[in-house]
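Take the first sequence: its letters are residues 0 to 593, numbered as in numbering that gives the first Met the number 0. Ideal Cβ positions, reconstructed from N, Cα and C, are used throughout, including at glycine. Let me begin by presenting the structure, written as structure tokens, before commenting on it.
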Amino acid sequence: MQDKIKNLIKEALKNLGIEDVSFVVEHPEDLKNGDYSTNVAMAGAKKIKSNPKELAEKIKKELENKLPKEIEKITVAGAGFINFYLSRKFFAQSVEEILNKGEKVGKNDALGGKKIMIEYTDPNPFKPFHIGHLMTNAIGESVARILEHSGAEVSRANYQGDVGLHVAKAIFGMHKKGMPQDMSASNSVLAQYIGDSYVLGSEEYEKDVEAKPSSAQGFGGARKEIDSLNKKLYDKSDPQVNQVYDWGFKITMNAFQDLYEMLGTEFDFYFLESQMAPIGERIVKDNLDKLIDAPDSKMIFEKSDGAVVFKAEKYNKEGQPKLHTRVFITSQGLPTYETKELGLTEEKFKTEPNLDLSIIVTANEQVDYMRVVAKAVSLIYPEHEKKMKHIIHGMMRLTGGKMSSRKGNVVTGESFLRDTIALIGEKMKEREWAEVEKNKVAEAVGVAAIKYSILRSASGGDIVYNVEESVSTEGDSGPYLQYSYARANSVLEKAQKENILPDPHTFSVEIAEVEKLLYRFPEIVLRSSHEYEPHYIANYLIEVARAFNSFYGNNLIVSKADKASSYKIALTYAFSSVMKTGLHLLGIVAPKKM
RNA sequence: GCUCUUGUAGUUUAAUGGAUAGAAUGCUGGCCUGCGAAGCUGGCGAUGCAGGUUCGAUUCCUGCCAGGAGCACCA
0 MQDKIKNLIK
10 EALKNLGIED
20 VSFVVEHPED
30 LKNGDYSTNV
40 AMAGAKKIKS
50 NPKELAEKIK
60 KELENKLPKE
70 IEKITVAGAG
80 FINFYLSRKF
90 FAQSVEEILN
100 KGEKVGKNDA
110 LGGKKIMIEY
120 TDPNPFKPFH
130 IGHLMTNAIG
140 ESVARILEHS
150 GAEVSRANYQ
160 GDVGLHVAKA
170 IFGMHKKGMP
180 QDMSASNSVL
190 AQYIGDSYVL
200 GSEEYEKDVE
210 AKPSSAQGFG
220 GARKEIDSLN
230 KKLYDKSDPQ
240 VNQVYDWGFK
250 ITMNAFQDLY
260 EMLGTEFDFY
270 FLESQMAPIG
280 ERIVKDNLDK
290 LIDAPDSKMI
300 FEKSDGAVVF
310 KAEKYNKEGQ
320 PKLHTRVFIT
330 SQGLPTYETK
340 ELGLTEEKFK
350 TEPNLDLSII
360 VTANEQVDYM
370 RVVAKAVSLI
380 YPEHEKKMKH
390 IIHGMMRLTG
400 GKMSSRKGNV
410 VTGESFLRDT
420 IALIGEKMKE
430 REWAEVEKNK
440 VAEAVGVAAI
450 KYSILRSASG
460 GDIVYNVEES
470 VSTEGDSGPY
480 LQYSYARANS
490 VLEKAQKENI
500 LPDPHTFSVE
510 IAEVEKLLYR
520 FPEIVLRSSH
530 EYEPHYIANY
540 LIEVARAFNS
550 FYGNNLIVSK
560 ADKASSYKIA
570 LTYAFSSVMK
580 TGLHLLGIVA
590 PKKM
């Protein structure tokens, strides 16, 4: 439709003898200003030195000569906007179209045939799954689904730090705490124990680092022990330590798995840091050799103070973010995160042959060194340079309340989920459903509340929660969307009972706001996938839900006495399939009742 | 100090350079003998400061002020 209008305008301009005017056709913010609007008169007026309003009138007249039947009328308003109002018939047709498509509504083929891998969540075994992981997961899963809806073949990857100091800290903490009494407790309980152990080990380590060597604690304290544990873990020399490691690894991974199930994510690939390290080391060595063979021009890595570094600032360009030097192999010969990341990149392209795009979702704190890594990758594998994309999101922060991260009482993803779900369960107390069903719905609603609060705003900024207020379930919220869906669903059930079938042809004259929004869904999906931004969908769904709820409040939908009832039911049906599909794209399930 | 990033109602936020800056929450009025009140329907309330580009700036540029993050052997 948008293109159709554009072409009409171009033709009108041609007839008026005006050329080379760039203009846009868009939806006005306010529906009062029509369904589409163009600024062509304002942009063109300067060129031919005329008054925008006069030019707008001229273009309007020209357009009216051959108005397609989808357009009801054209008006000139404001400073010279030309507004297009779509016809009754157009909206009825769009409702019919949505009915025909069902849950395929909004699908497009913009990424047809493209293979995309997206890496997100990335929690570390032996460490708590914190709310930041919840954030990466929500964004990554939603982007994955949006890309799929645009025709891409998407695989989901998870990258986990299975080695490193944090593991030693956790195992040290476990030693100190003693093993849990009930070894057959649930994964989540045992994972909590491991997470707590990590916090304890971490604290002890820090305390020891800060302590003066002369103090009683300073010698042979936690730090020394943890470092030695770390070595044992690295070379797997101590069978007892290995056993604890294997157990802890399994428990945390299983606990993560339970969470993924609750969150609606299924990964295709799990990459482990320990496996990427040797690959990365090999790559670095290969490219260090170039230093010897061809000085200056081809060297990528170089030695500095005993470490192997990449001096990325050499490649700084005007107008691009500044890069800096990073260590890839420490002076002790150990590979750093950057090196493993290199290995991971190579491994990804090997795992999925013919990959067109590799996406990584992380918090913005990693943006600077990810840029350096990306630069290194682009030098080593020029063919991958344009196939990498880093999606950056803000941090999740908590304000208010009496929480202190110093004391180690950080909010884990799981406790946050659990508290939210419990709160929803409280609201549903009155429902007379089976307990199992109630719990299932409460879980879906709780997950929706959290996911929506993450996805509702543009992904650059931080998300701030006030601990004392809980996640919202009203207004601009996930549960509001689910509620609207459940409500529409119960209307449809009633229609079925009363035997009134949906029919997109029995409309009456007035056009509801919800109709003016429904047909826009595919454009929104397309934009979200272009920009890797779920929030466009989230905001759109709120708008549609509000319009539908308003329609619901002001109309009796199911009524044998009303000739237009069948149309209203069709409209309700169209709304419900857009809502269900839209929620799916956000990674949220839509229960039939709640 | 350098680099990146963000400043919009009390709070959380939206707006490919366009119309009276849109919502939610909050406070405040009115709606359940008509399909789910997690709802509908009124009211109050905002672009950090100073310049510049433009017919037009929340948006782009410069400076200042204020948050946040990062800056060689952690990830």
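Exercise. According to DSSP, is residue 335 helix, strand or coil?
Worked result: coil
For this session: Taking the CB atoms as reference points, tell me whether residue 114 and residue 165 lie closer together than 7 Å.
Result: no
Problem set entry | Span separating the alpha-carbon of residue 346 from that of residue 274 | 10 Å
For this session: Could you check what DSSP says for residue 159 in three-state terms: helix, strand or coil?
Result: strand
Exercise. What span of residues does the alpha helix (DSSP H) with residue 594 cover, start to end?
Worked result: This structure cannot settle anything about residue 594, because the visible part of the chain is limited to 0 through 593.
Problem set entry | Extent of the continuous alpha helix (DSSP H) run through residue 116 | Residue 116 -> not in any alpha helix (DSSP H); beta strand (DSSP E) instead, spanning 114 to 118.
For this session: Return yes when the Cβ of residue 423 is within less than 7 Å of the Cβ of residue 444, no when it is not.
Result: yes
Exercise. Are the beta-carbon atoms belonging to residue 169 and residue 197 less than 7 Å from one another?
Worked result: yes
Exercise. When the Cα of residue 116 is compared with those of 89, 163 and 147, which residue comes out closest?
Worked result: 147
Problem set entry | Contacts around residue 278, its chain only, beta-carbon distance under 7 Å, and the 5 residues preceding and following it disregarded | 342, 345 and 346
Exercise. Using the beta-carbon count (16 or more within 10 Å), is residue 583 buried or exposed?
Worked result: buried
Problem set entry | residue 464 (DSSP reduced to helix, strand or coil) | strand
Exercise. Is there contact here, the stretch 89 to 100 with the stretch 39 to 56, by at least three beta-carbon pairs under 8 Å?
Worked result: no
Exercise. Taking just the CA atoms, how far does residue 25 sit from residue 11?
Worked result: 18 Å
Problem set entry | Through-space distance from residue 512 to residue 253, alpha-carbon basis | 47 Å
Exercise. In chain order, which continuous runs of the beta strand (DSSP E) of length 3 or greater are located wholly inside the stretch 458 to 523?
Worked result: 462 to 465
Exercise. Hey, would you say residue 79 sits closer than 7 Å to residue 40, going by beta carbons?
Worked result: yes
Exercise. Below 7 Å between beta carbons: does that hold for residue 543 and residue 516?
Worked result: yes
Exercise. Under three-state DSSP, which class holds residue 648?
Worked result: Since the first residue shown for the chain is 0 and the last is 593, residue 648 is missing from the structure and cannot be characterised.
Exercise. Between the C-alpha atoms of residue 369 and residue 332, what's the straight-line distance to the nearest angstrom?
Worked result: 22 Å
For this session: Can you say whether residue 560 is buried or exposed, counting buried as having 16 or more other CB atoms within 10 angstroms of its CB?
Result: exposed
For this session: Would you mind stating whether residue 457 and residue 557 have Cβ atoms separated by less than 7 Å?
Result: no
Problem set entry | residue 85, DSSP secondary structure in three states | strand
For this session: Determine the DSSP secondary structure at residue 394, reduced to helix, strand or coil.
Result: coil
Exercise. Which one of 442, 305 and 270 has the shortest CA to CA distance from residue 339?
Worked result: 270
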